[in-house]
Every structure is written in C-alpha cells, then in structure tokens.
Amino acid sequence: MDVTLRPLVDELSRLSGAVDSERAAADRAVIEHLRDEVTALRRAVAHLRVSHQPIPEALRPVVARAMVETAELAQAG
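Under this note's numbering, the first residue of the sequence shown carries the number 29, and numbering increases by one thereafter.
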C-alpha cells in the first residue's frame, strides 16, 4: 500500500469500527428492551391464567402497547 494513503486507510478503519460499535450497542439496547417487554407480557399472561383479577398496574403499559401494535398490524394486513 502506498505510504501516503496509510493514514487515510487507518482513519477510515477506525471510523468504521466506531460506527460498528455504536450500531452493536444500539442493537443490544433494542434486544434488551424487547426481552423486558416479552418478560412483562409473559407475566401478564401468567397472571390472567391464574387469576380473575385485573392485570396489575405495573403490567398494563406493556399489555396496552401489545394491543395497539396488534391492532395496527391487523389494519395494515
């Protein structure tokens, strides 16, 4: 490789690695959020299976989000 291009290639490699790291971190955050949502939905389903009581207040937002997303998918499809 031409010695004059080496600094440019090194900098591009560094920037590319930083972007990949940022994307990976963002992907991990999304995955963690989705895991939390699934866990909460499982808790809500388990609650509904064993009780005739309303869903606990802490679980209501995740159930509401799931219901809205399901309705949106039904309208779109």
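In this text, a Cβ means the ideal position worked out from N, Cα and C, and glycines have one as well.
Do residue i and residue j have their CB atoms nearer than 8 Å?
i: L69; j: A94; result: yes
i: V96; j: E65; result: no
i: L87; j: R71; result: yes
Quick one: what's got a C-beta closer than 6 Å to residue i's C-beta in the same chain, skipping five residues either side?
i: V73; result: none
i: A99; result: none
Give me, in chain order, the residues of the same chain whose beta-carbon lies closer than 8 Å to that of residue i; leave out the 5 immediate sequence neighbours on both sides.
i: A52; result: none
What residue range does the alpha helix (DSSP H) around residue i cover?
i: G147; result: Lying before the first or after the last residue shown, residue 147 is absent from the chain, which here runs from 29 to 105.
i: L101; result: 88-104
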